[in-house]
Amino acid sequence: MGDKHIVGAAVPRKEGRDKVTGAARYVDDMTLPGMLYGATVRSRVPRGRIKKISFGAGVNWDEFVIVTAKDIPGKNCIALILEDQPCLAAEFVNHQEEPILLLAHAERHKLWKAVAAVDIEVEELPAVLAIEDSEQRREIIWGTDNIFKTFLIEKGQVDGVWAKAAHIVEGEYFTGAQEQLYIENNGMIAAYDEQHGITVWGSLQCPYYLHKALMALCGLPEEKVRVVQMETGGAFGGKEEYPSMIAGHAALLARKSGRPVKIIYDRAEDMAATTKRHPSRTRHRTAVDAHGKILGGEIEFTIDGGAYATLSAVVLSRGTIHAGGAYHWPNVRIRGKAVATNIPPHGAFRGFGAPQSLFALERHMDRIAQVLGISPVEIRRRNFLRPGQTTTTEQLVGAETNLEHLLDRALKLSQYEEKKKLFALANKSGNVKRGMGLATFLHGAGFTGSGERYLDSVAGVEARTDGSVWVLVSSTEFGQGTNTVLCQIAAEALGLRFADVSIAQPDTRAVPNSGPTVASRTVMVVGKLVQSAALGLQQTLVAAGLLGEKSTPDEFRVACTEYIAKRGALRSYARYQAPSDVFWDDQKYRGEAYAAFAWAAYVAEVAVDLTTYETTVKDFVALQEVGKVLHPLLAEGQIVGGVAQAIGFALYEKVIWRNGRMVNNQMTNYIMPGATDLPPIRVYFEEFGNPHGAYGAKGIGELPMDGPAPAIISALEDATGVRGSSIPFLPEDLFAAMREKANPETVTTQAGESA
Amino acid sequence: MRADPVEYECVAPGSLQEVVTLLAAEPGAWVPLAGGTDVMVLYAAGKLAARKFVSIWNLPELRRIVVRPDEIMMGAACTYSSLRQHDLLGREFQMLAAAASWTGGIANQNRGTLGGNIANASPAADSLPALLAYEAELILASVRGDRRISYQSFHQGYKQTTMAPDELIRAVCLPRKFSGYSSYTRKVGARRSQAIAKVCVAALGKCANGVIEDLRVAFGSVAPVPLRLVKLEAALKGREIGRELHDLARKLVAAEIAPITDIRSNLEYRVAVAQNLMAEFLEQLASSESRA
Amino acid sequence: MREPGKASARSPLSFSVNGETRRATAPPMSRLLDVLRDELGLTGTKEGCGEGECGSCAVLMDGLLVNSCLVPVLEAAGTKITTIEGITHDEQWREVQAAFLECGGAQCGICTPGMVLATVELLRKNALPTDEEIREGLAGNLCRCTGYLHIFKAVAKAARRNRAR
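Protein chains in written order, with my numbering: chain A, 14 to 768; chain B, 277 to 568; chain C, 1494 to 1658.
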C-alpha cells in the first residue's frame, strides 16, 4: 500500500464547511414549486377495530388532500423483512400513534387543526403492553403465539454442568426503551409523475430500503422509484427503517394530489410515533467452579418488539449472539425471543440488541464475583476469551486478541485500583459517595453470518475528465464520517490528494446498492469495496497503457482525460466477496458470526450525592481495540458520542408509558445529557488490524454503546452498595432501592406511571 | 408547530398606560407577553387557549432595576440575564441570582423574565421560592392604578393567582433586610442545566449560640403553588439546632409539603429530597454562625 | 431604532438580518424561526424541538442569544438579528466556524449553527472562558452526536485565536 498519509490522518470533514456555515441542505430546507405539506392522523388507542372515520366541523375539507388505505395502489405494507406492518391502518389498529389517514394542504399551519378534527371511532380491544403480558397469551396479537422470532444457541453440554458447580448464580436484568433523539426530526419530500414515478428526498440511512418499500407500496417497477438522501441530522438507527413509512406517506399524498408533498414531524410526534430501542429482559443462570470459572450457563434473552415485526428478528440475533460477551463459555444454552406488544414498533438503535444483552451479562459477572467473594476485575480475568478458544457460537478467537492487556491498560489509565481504595475510605463519611466500575466486552462488525453475502453490496468509483474522482455508494453520511473516510480510502488507493476525491450524493438513480448504513459495516465492508473499486479503476488505466503502476495526481488526471476522450465513461465497480474463512450455519446458529470483533474495556468513575440521590459520571475511560484507526478525530468523536448516549441510557433517559403511549415525548421531559452533565470522556485505541477490513479497519460506530451502562451501574454499586439490575437507573430508583434496603416492606410509585 | 399564527393577535403598544387601557377594554381577552419562554412553548404545542397578546417586552419602565435604601425594585420585564448582571442583586439576594442562573440556558435567560415566570405561576419555577423567602412584594398595575401586595398571597391554587383579569405585574420588590442571614438554595432537576425542578428550596436563617433566631423556608415543586413553610418556620424558631431539631424538621417538612407523582418524579422521592435539603440547610446554618 | 408598536396585525415588520434591512409580512405571532426560514429563505437556523430546549434555532438578537422558536416576530421588529449565515461573512467570528471544522465539533451538523452562535455570544462576553464557563455557555444547546468534547475544544481554540488577534 505504500505509506498511508491520507488514511490515518485527520483530514477535513468532506461536507464540514457546509455544516458550519449553515449551507448544508437538510430536507426541511428544501421546497419544490407547488409543494404541499402533509400530516398524519394517528390512533389514540393501543388496539382496536376502526368503526368510523368522520371529518369534524370548522375545517374546509375541500382544501385538503385526504389519503386512506384505500388509496394505496400496491400492497398496504412497509416491506422490510416481513410484510405485516401496514402503511396505513385499514380495519385494525395495533398500537397508539399508528397511522390511519393522511392529510395535505398548501399551508403548513392549517394542518394541525385538521388533524385534530378527524374523529376516528375505534372499538377498543384488550391491549398487551408488556413482555410478561405477551408471554401469558391471554390475548394473541400477532401470529399464533405473539412471538416474532426465536433463536437457540447451544454449545457443549450445559445440562451436565449444574451437578459439578461450586456455585449456581441467577439473575434477572432489564433495560428500558430509549429514544434515538437525533436533533433533526424525521422528514421526507415526495414527488410523483406518470413518466418518472416516485421520487423522494429525505432524512435517511438506507436509500435502497426505501426503494424496495416504495416499489411494493406503489406497485412500481425499479426504474420508477428514486430515492435521494439529503443531509441527515443524526440517525443512530432511528432512520434505518422508519423513513420507509414516512416516505410511503409522502408518496401517497404526492400521487393523489399530483403535487410534491413535504412531511416533517415535530418533536412530539417523532418521539411518540417512531421507533425506539427494544426494551429487554435477560435471565441468567450460571454454573461456576470454586475459582469462579464459568462451567456453563443458560441465558434467556427477551426483547419487546412492539406491534409489528420490523427489524426485531435481527436485533434479537445480535443481542443473542452477544449475550455471552467476552468470556469463555464451555457450555451454554442461549434462548433469544422477540415478542409482540401493542406498542409502536421498536427498531434499530446503535448497538442493536448488544447493549441490552451485554448490560445483563456484565452485571451478572459482578454478581458472580460477589458470590465468590472476588473482585469484578478478577472474575473477568479468570473468564476472558483467549486465542484458540471459541465464542458461544464456536467462532475461533484470533491470535491477536488480548483482553487481559486491554483490561490492565484500562485499569491503569483510570487508576481504578487506587481510586477504589481511596473511595472505600472516603465513603465512610460525607454525603457524596464515590465508586469505580468496569465493563469488558466485544462488538461484532458487519452483518451477522451470511448477512453480508445476502446483501451482496456493490461500490463504485468514477473518474471524470478533470481528474476528479467520485465514490459511488448508497452508504450515507449522518455525522459519523462516511463521506470523509470513504474518500480517504479512494484517495489513498489511487495515490491522489484528498481534495481530488468526492462522494456522490446517495441517489438510487446514480449509485449502486452498497447496503444499508448500519451494523458498523461502512468503513470495514463498504470501505473495502471502495478500495477494490478504486484499484480496479487504476488497473483499467494501467491496462490501457495510460498509467504506470505508481503515478502522481497529475499523471492520473491526464490518463483519465485521455481514456474518457477515447472510450467514454470511466467507472469501476466492486462486489462483496465473502471471505473464504468465514463460515456460518443459519440453522444451528453456529460458526463465524461476524467477520471481525472489536474488543473493549471501559471504566467509569461516579459520584453519588445521597442528598439528592443523583449519580454523576466524573471520569470515563474508553479503551478499545478496533483494527486500524483510519481517521483519529472521527474515531474519537464516534466513541465520545456513543459513550454520551450510553450514559443517557444508564442514568437519564426514561421513556414513560401510559396505556402504550410515550407521554414524556418532549425534550423537556425526556432527558438526554447536556453540556454540563458529562465528564471529559477519555478515548484510547489499540490497533491489532483486520485482514477483512479496508486498510485493516474494524467497525466502531456501535461499540461504545455497549460498555458504559454496566460500568456505571457497577460503579454505582461500588459507591452505595445498591445492586442495580435495571436501567435507566434514575435518582428515584436509587432512593427506592436504598429505602427498601433499610425497610424491605415499603412500596414506591414510579415517576409518571399510573396503575 | 401546532398553531396557526393568523388566528392570533399580537400588539406592542409604546407605553404601560396603553397596555393597561387595552387590558381594561377587554378584561381577560388580552394576555401580557414578555419574553415568551412560557407562552410560546404552549403556543407551538397547540395548547394555548388565549388568542390575543399584548407585548410588554420593550417597555423601558418594566426593565429598570431601582435600588433604594430599604428595597430593590425590579421591573417585571427584567430578564434573568439582566438580574444575573446586577452587582447588588448578586451580593444581597444571592438566592435570586442563583435561581436566575438555573432558569434554562443562556438563550432562555436572555428572554425569560421575572414577571413572566411569576404570572405563569408554575409551582416548579426556579425563582419563586427565593421570592417567597425574601418576602417579595408585587406591584400590580391596571387602569385603576398600582396596588402593592405581598407575594406570599399571590398564588391561590395551581396556576391561579390573585391578579384581576385586567392587571399585570409591573414590578417585584425585595426588602433589603437580610444581610446577616445565611442563605441556602438548591435546585434538583433531571440534569445539571435546562431542567425543570423536581424539588427546589430557598431558605434564609439567622443563628446565634446554636439557636435559630429567625428563618424563612420556601420550596418549589412540592405543592400546587410555590410554598413557604410557615408552620415549620414557627415551630423551629427559637430552638436549638441538634439531633432532635433535625428529626423534628424532617417531620415538619413532610407534614407541610404536598408533592405529587407526575411525569418528572414521584411523591416519595420529592418528600425525601425535600427533607434532605432541609437538613443540609440546617447544617449549613449551624456552621455559618461564626460568619453571621 | 425601535418601532413603536402598532395595533395592526398585518403591516410589515422590519428588522435587520445579517446587516441587511428585511421586511416580514407574516402575522405578528409567527415564530421568528419560521420567518427566517420560510419568508426570508435563511435556512441555516434549524428547528429541533420547538420548545426552547435544544438551541438549534438560536440566533443573536441585538447581540443576545435567543431561541428563535420562542420569539414572536413582532418582538423582533426593529432589532438586529444575526444568523449563522451572517457569521460566515463576519471576519472575526468565522474563526469559530473554522475551529469547529478543525476540532471535529460538527458531526451531523444540525446543532452546529446554534452552537456557533452560542459560542459567539459566549466569547463576546468572556474572551477566555474556563472549561466550566464553556459548558455553562453551551448548556442550552443539545448535541446528540459529539458528546460535546470536540465542541468544547473548538470553543477553546476559537477563544485562544480570537485573543491572539
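Note that beta-carbon positions come from the ideal geometry of N, C-alpha and C, so glycine has one too.
When the Cα atoms are used, Lys711/A and Gln493/A turn out to be separated by approximately 14 angstroms.
Shown here, Asp731/A sits in a helix according to DSSP, grouped into three states.
Using a Cβ-Cβ distance cut-off of 8 angstroms, the region 256-271 of chain A and the region 199-219 of chain A are in contact, since at least three pairs of beta carbons, one from each stretch, lie closer than that value.
Not flagged as an interface residue toward chain A: Ile1574/C, since no C-beta distance is shorter than 8 angstroms. Beyond the five residues adjoining it in sequence on each side, Tyr467/A comes within less than 6 angstroms, by CB distance, of no other residue in the same chain. With a threshold of 16 other beta carbon atoms within 10 Å, Tyr708/A meets it and is buried. Three or more beta-carbon pairs separated by less than 8 angstroms link the region 625-637 of chain A to the region 682-700 of chain A, which places the two stretches in contact.
Partner residues in the beta bridge of Asn1560/C, as assigned by DSSP, are Ala1551/C. About 6 angstroms separates the Cβ atoms of Pro741/A and Gly189/A, confirming a contact at the 8 angstroms cut-off.
Taking Gly433/B as the centre and dropping the five residues before and after it, the same chain places the C-beta of Pro500 and Val501 closer than 8 angstroms to its C-beta, in chain order.
Exposure of Pro441/B is indicated by the presence of fewer than 16 other C-beta atoms within 10 angstroms of its C-beta.
Within 10 angstroms of the beta-carbon of Asn355/A lie 16 or more other beta-carbons, which makes it buried.
As a beta-bridge residue in DSSP terms, Tyr340/A pairs with Phe397/A. Sequence-ordered contacts of the region 362-391 of chain B with chain C read Gly380, Gly381, Ile382, Ala383, Asn384, Asn386 and Arg387 [C-beta pairs closer than 7 angstroms].
Residue state for Ser330/A is assigned as helix, using DSSP reduced to three classes. Each of Val128/A, Ala127/A, Ala82/A and Leu115/A was checked against the Cα of Pro99/A, and the nearest Cα belongs to Ala82/A.
With respect to the C-alpha of Ala383/B, the residue from Leu1615/C, Phe1508/C and Ser1523/C having the closest C-alpha is Leu1615/C. Its chain contains Ser458 and Tyr460 as the residues whose beta carbon lies nearer than 7 angstroms to that of Gln560/B, once the 5 sequence neighbours on both sides are disregarded; these appear in chain order. For Gly448/A, the enclosing beta strand (DSSP E) begins and ends at Val445 to Ala458. Ser293/A places its beta carbon less than 8 angstroms from that of Ile316/A. Put simply, the CB of Tyr39/A is far from chain B, with every gap to its CB atoms at 8 angstroms or more. The beta-carbon distance between Lys306/A and Arg395/A, rounded to whole angstroms, is 6 angstroms. This is short enough to meet the 8 angstroms contact definition. A distance below 8 angstroms between beta-carbons, with the five flanking residues on each side excluded, links Ala582/A to the following residues of its chain, in chain order: Glu475. Between Ser1507/C and chain B, the shortest Cβ-Cβ separation is not below 8 angstroms. Leu505/B and Glu192/A have their C-alpha atoms some 39 angstroms from each other. Considering only Met680/A, Asp719/A, Pro693/A and Ile726/A, the residue with the shortest C-alpha distance to Val317/B is Met680/A. One finds Val317, Ala320 and Ala321 in chain B with Cβ atoms closer than 8 angstroms to the Cβ of Glu1544/C, taken in chain order. In the structure shown, the three-state DSSP call for Ser470/A is coil. Ala620/A and Thr629/A have their C-alpha atoms some 5 angstroms from each other. When rounded, the separation of the alpha-carbon atoms in Ala409/B and Leu93/A is 60 angstroms.
Taking a beta-carbon distance threshold of 8 angstroms, Pro1565/C does not count as an interface residue toward chain A. Judged by DSSP secondary structure, Ser455/B falls outside any alpha helix (DSSP H); it is assigned neither H nor E. Between Asn344/A and Val174/A, the gap from beta carbon to beta carbon is short of 8 angstroms. Per DSSP, reduced to three states, the secondary structure at Lys64/A is strand.
Excluding residues up to 5 positions away in sequence, Cys1562 lie with their Cβ nearer than 6 angstroms to the Cβ of Arg1524/C in the same chain. With fewer than three CB-CB distances shorter than 8 angstroms, the region 498-505 of chain A does not count as touching the region 219-228 of chain A.
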